[in-house]
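To keep things clear, I will list the structure first and then write my remarks on it.
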Amino acid sequence: MPIELIVLLSMLATFAVGIFVLKLPAGVALAFGSVVGALVAGYGVPVRHLVEGSFGFLEPILIIAAAMVFMKVIEATGALGTISHAMVTSLYRWPSLLMILVALFIMFPGMLTGLSSACILTTGAMVAPALVAMGMPRYAAGAFVAMSAVYGEIAPPINIPVMIVGAGVDMPYIGFEIPLLLASVPLAIVTAMYFRIRFIRKIRIDEVIAKLPEPVFKKHGWKLFVPIIVVVGLMTGIRVSPAWIPDIGVPLIFVIGTLSAFGTGERIELLSLSRKAIRAATPILAILVGVGMFVQIMTLTGVRGFIAVSALQLPEAYLYLGVALILPAFGSAYTAVSVLGVPLVYAFLGQNEIVVTSAICLIASLGDLMPPPMLLTVFAGQLVEEKNYFRILRGNIVPVILAIIVGIAMLIFADQVRSLY
0 MPIELIVLLS
10 MLATFAVGIF
20 VLKLPAGVAL
30 AFGSVVGALV
40 AGYGVPVRHL
50 VEGSFGFLEP
60 ILIIAAAMVF
70 MKVIEATGAL
80 GTISHAMVTS
90 LYRWPSLLMI
100 LVALFIMFPG
110 MLTGLSSACI
120 LTTGAMVAPA
130 LVAMGMPRYA
140 AGAFVAMSAV
150 YGEIAPPINI
160 PVMIVGAGVD
170 MPYIGFEIPL
180 LLASVPLAIV
190 TAMYFRIRFI
200 RKIRIDEVIA
210 KLPEPVFKKH
220 GWKLFVPIIV
230 VVGLMTGIRV
240 SPAWIPDIGV
250 PLIFVIGTLS
260 AFGTGERIEL
270 LSLSRKAIRA
280 ATPILAILVG
290 VGMFVQIMTL
300 TGVRGFIAVS
310 ALQLPEAYLY
320 LGVALILPAF
330 GSAYTAVSVL
340 GVPLVYAFLG
350 QNEIVVTSAI
360 CLIASLGDLM
370 PPPMLLTVFA
380 GQLVEEKNYF
390 RILRGNIVPV
400 ILAIIVGIAM
410 LIFADQVRSL
420 Y
């Protein structure tokens, strides 16, 4: 048995023991797996590599931290609650259109932060009671929120799994907007229609409004939306007109957006909100630190090269089957793409790498719904007070299968997808 395979199995076994037996946070389990892999390979405890790896995803970490603070601030100003209230009261007569917009609304925080959990903790929490009031069973409302959160993680402009893969293959985060839109928005629309047809008939608007946050638009007017306009405007400007608007970096854009929120809506306590935001994001930030260590040790010991060569030697049919079944089984998009994302991109050399990476990350993101952690499923269950989290997971079987089919189709027809734009 090759030493690289022994090292890989020891790392994965340590990670599994940490998650299943010791019940450690995923980030800590990844760090322990990294140390064990280095020991098995004969490198001892390479502190320099562990520290260097922990900073491997510093940019995504800064983006997540700054974006979570921004989302907490605009939630506190009343902007998100006002948007959700206006959306429901304006469109309740057209349930299909309303459900599509609710899905996009849930996705919004994930699009800006790259975090699926941010969707559930902010916009998902706002609309979940309203979905139940519309007539959806609690498990179905939780499933819809969780699935929309997955699409939010995939949709542009910020996609952390793609950034992780890009860092491994030296591919800049440029040109992903359209492939990621194709991998997320059509699926979100189909999922919204699936849940609407199955569960929603006639909406009793009075019951729904009672479950929504109070709007504050009459009190503050259009200035309520200034922070969102600032962030979206800067992100668009640096892409459309880089000569006039320099690329100041996504974290700084969110900092500017946060500071612009003062005086636009309800009173905000920045320090308190920042603490809450970082506390909510800490599990994900820890995973990124652990993933960085894991990838660094895999590189040091030759495991990444071994996986890449092995993937290239697989028959094509087995390669597609492995992508569909193994990536979601990791239980975390970040862990899946850190271990298999780079080798799979190399395995599909010859096809458009941007479309291939987008498709791989779409399928990997489904792992956020899956056991053992079932992160999104658990969060959604807590929102709708559904204790049987597997009911929520079962409620998403059809959308999950559809997402896998779309991801595999994008892999097979990557060059044809690229020719569409």
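Quick note, the sequence shown lines up with residues 0 to 420 if you use numbering that gives the first Met the number 0.
Where a beta carbon is used, it is the ideal one built from N, C-alpha and C, also for glycine.
- Message: Runs of 4 residues minimum, wholly inside the segment 195-278: which ones carry the alpha helix (DSSP H) assignment?
- Response: Given a length threshold of 4 residues, each whole run of the alpha helix (DSSP H) inside the segment 195-278 is given here in chain order: 204-209, 216-219, 225-239, 249-258.
- According to the Cβ coordinates, are Ile255 and Leu233 closer than 8 Å? Using a Cβ distance threshold of 8 Å, Ile255 and Leu233 count as a contacting pair.
- Query: Less than 8 Å separating the beta-carbons of Val149 and Ser115?
  - Reply: For the pair Val149 and Ser115, the CB atoms are nearer than the 8 Å cut-off.
- Flag this pair as yes or no: are the beta carbons of Ala66 and Phe253 separated by less than 8 Å? yes
- Message: Could you check whether the segment 310-321 touches the segment 136-156, counting it as contact only if at least three pairs of C-beta atoms, one from each stretch, sit closer than 8 Å?
- Response: no
- Put Gln350 into one of helix, strand or coil per three-state DSSP. coil
- Is it buried or exposed for Ala413, if we count other Cβ within 10 angstroms and need 16 for buried? buried
- Task: Please work out which residues of its chain come closer than 6 Å, Cβ to Cβ, to Pro327, disregarding the five sequence neighbours upstream and downstream, and give them in chain order.
- Result: Leu365, Gly366, Met369
- Message: Going by DSSP in three states, Ser418 sits in which element: helix, strand or coil?
- Response: coil
- Skipping 5 residues on each side, what residues in its chain have a beta carbon closer than 6 Å to that of Phe347? Val355
- Item | DSSP three-state assignment for Val44, whether helix, strand or coil | coil
- Whole angstroms is fine: what's the gap from Leu179's alpha carbon to Gly36's? Taking the straight line from one Cα to the other gives about 34 Å.
- Message: Just to confirm my understanding: we take Pro24, look at its own chain, exclude 5 residues before and 5 after, and list those with CB closer than 7 Å. What are they?
- Response: Pro282, Ala285
- How far does the alpha helix (DSSP H) with Phe107 in it reach, from first residue to last? 94-112
- Taking Val336 as part of the alpha helix (DSSP H), name the residues at either end of that continuous run. Neither: Val336 is in no alpha helix (DSSP H) and is coded neither H nor E.
- Since Val399 is in the alpha helix (DSSP H), which residue starts that stretch and which ends it? Boundaries of the alpha helix (DSSP H) harbouring Val399: 396-411, taken from the DSSP string.
- Item | Proximity test, Ser115 beta-carbon vs the ligand GDP heavy atom, cut-off 7 Å | The model on display carries no ligand, and the ligand GDP is accordingly not part of it.
- In angstroms, rounded to a whole number, what distance separates the CA positions of Tyr91 and Gln350? 44 Å
- Just curious, the alpha helix (DSSP H) that Thr81 is in, first and last residue? 78-90
- Kindly indicate which three-state DSSP category Asp169 falls into: helix, strand or coil? coil
- Please work out which residues of its chain come closer than 7 Å, Cβ to Cβ, to Leu4, disregarding the five sequence neighbours upstream and downstream, and give them in chain order. If we look at Leu4 and ignore the five residues flanking it on each side, its Cβ neighbours are Phe305.
- Do you know how far the Cα of Glu51 is from the Cα of Ser83? Rounded to the nearest angstrom, the two C-alpha atoms are 43 Å apart.
- Boundaries (first-last residue) of the alpha helix (DSSP H) holding Ile325: 315-328
- Query: Taking the alpha-carbon positions, what's the Pro212 to Gln415 distance?
  - Reply: 45 Å
- Message: Measuring only the C-alpha atoms, how far is Phe389 from Ala142?
- Response: Taken atom to atom, the span from the alpha-carbon of Phe389 to that of Ala142 is near 10 Å.
- Message: According to DSSP, simplified to helix, strand and coil, what is Lys22?
- Response: coil
- Task: Using a threshold of 8 Å, state whether the C-beta atoms of Glu265 and Ala75 are closer than that.
- Result: yes
- Task: For Tyr382, count neighbouring Cβ atoms within 10 angstroms of its own Cβ and tell me buried if that reaches 16, exposed if not.
- Result: Inspection of the sequence shows that residue 382 is occupied by Leu rather than by Tyr. Leu382 is buried by the Cβ-count criterion.
- Message: Between Val290 and Ser337, how many whole angstroms is the CB-CB distance? I'm expecting something under 8 Å.
- Response: 4 Å
- Message: Which same chain residues end up closer than 8 Å to Pro59 when comparing Cβ atoms and leaving out the 5 residues on each side of it in sequence?
- Response: Gly113, Ile159, Met162, Ile163, Leu287
- Query: Straight-line CA distance for Gly123 to Ala154?
  - Reply: 16 Å
- How big is the Cα-Cα spacing for Glu268 and Leu21? 38 Å
- Message: I need the boundaries of the alpha helix (DSSP H) containing Gly151, first residue and last residue.
- Response: 137-153
- Query: Is Pro156 helix, strand or coil by DSSP?
  - Reply: coil
- What residue range is occupied by the uninterrupted alpha helix (DSSP H) comprising Ile119? Counting along the chain, Ile119 sits inside no alpha helix (DSSP H), nor does DSSP assign it H or E at all.
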